[in-house]
Amino acid sequence: MILPHILYSCEQEGSKQINALDIVSTVIQSGGIIISVALLYLAVKNLSLIAKQMHSNATYNITSAHKSLFLPILSNKELLQLLGEGSGKKYQSAMLATLLINHCAQIFMDYELGILPSNQRKGFVLDAKDMFNLDLVNERWQFVREFHPTAFQKFIFSEVYEMPSNTSNSTTSH
């Protein structure tokens with residue numbers, strides 16, 4: 015029965031004293047505000063993660079579409095011959111290189127968006143270096159690089175080819 019005693023005591027001392035119910039009410043409201051701000055923060059963080067995931071999924075869908083289109087062509091000699099002279103080796107190489115470049119771009123974007131853990135990025139860079147040292151990939155990159163995001167182009171030139179960033183506009187190969 016402490017609360018009635020406090021209320022009685024507050025009434026006895028006049029209007030200058032704060033009512034115990036006002037204190038409890040203020041504490042509850044403050045707690046509600048803190049909880050609301052925390053929930054708002056989590057909602058914004060989740061929306062950011064959802065947006066990153068949607069961007070990654072869109073890039074993945076493009077890469078998958080290329081794969082779905084190119085792999086049946088690559089495995090069908092008759093289709094390859096329709097595309098070019100002889101065995102269609104030129105088109106086979108271009109398709110394969112495009113698949114490899116797009117795959118690398120997809121992984122790069124996932125690192126940039128924070129979807130893949132940054133502590134594994136060094137291994138990805140080493141794999142990209144190996145891939146871009148292949149003549150067919152390097153040659154194809156010279157034709158398709160302008161169609162890739164600027165951030166990916168800068169990554170290829172600065173970290174894969176290890177060239178200063180001001181040479182990314184150059185048309186020479188590594």
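In case it helps, my numbering puts the sequence shown at residues 15 to 188. Cβ atoms here follow ideal geometry from the backbone N, Cα and C, with glycine treated the same way.
- Excluding residues up to 5 positions away in sequence, Asn116 lie with their Cβ nearer than 8 Å to the Cβ of Ile76 in the same chain.
- It is roughly 24 Å from the alpha-carbon of Pro86 to the alpha-carbon of Phe161.
- In this model, Phe169 and Val158 are separated by some 15 Å (Cα to Cα).
- DSSP, reduced to helix, strand and coil, places Ser70 within a helical segment of the structure shown.
- Under the three-pair Cβ rule at 8 Å, the segment 53-61 does not count as touching the segment 117-133.
- Rounded to the nearest whole angstrom, the C-alpha separation of Asn147 and Ser89 is 25 Å.
- DSSP places Gln167 in the uninterrupted alpha helix (DSSP H) bounded by Thr164 to Phe169.
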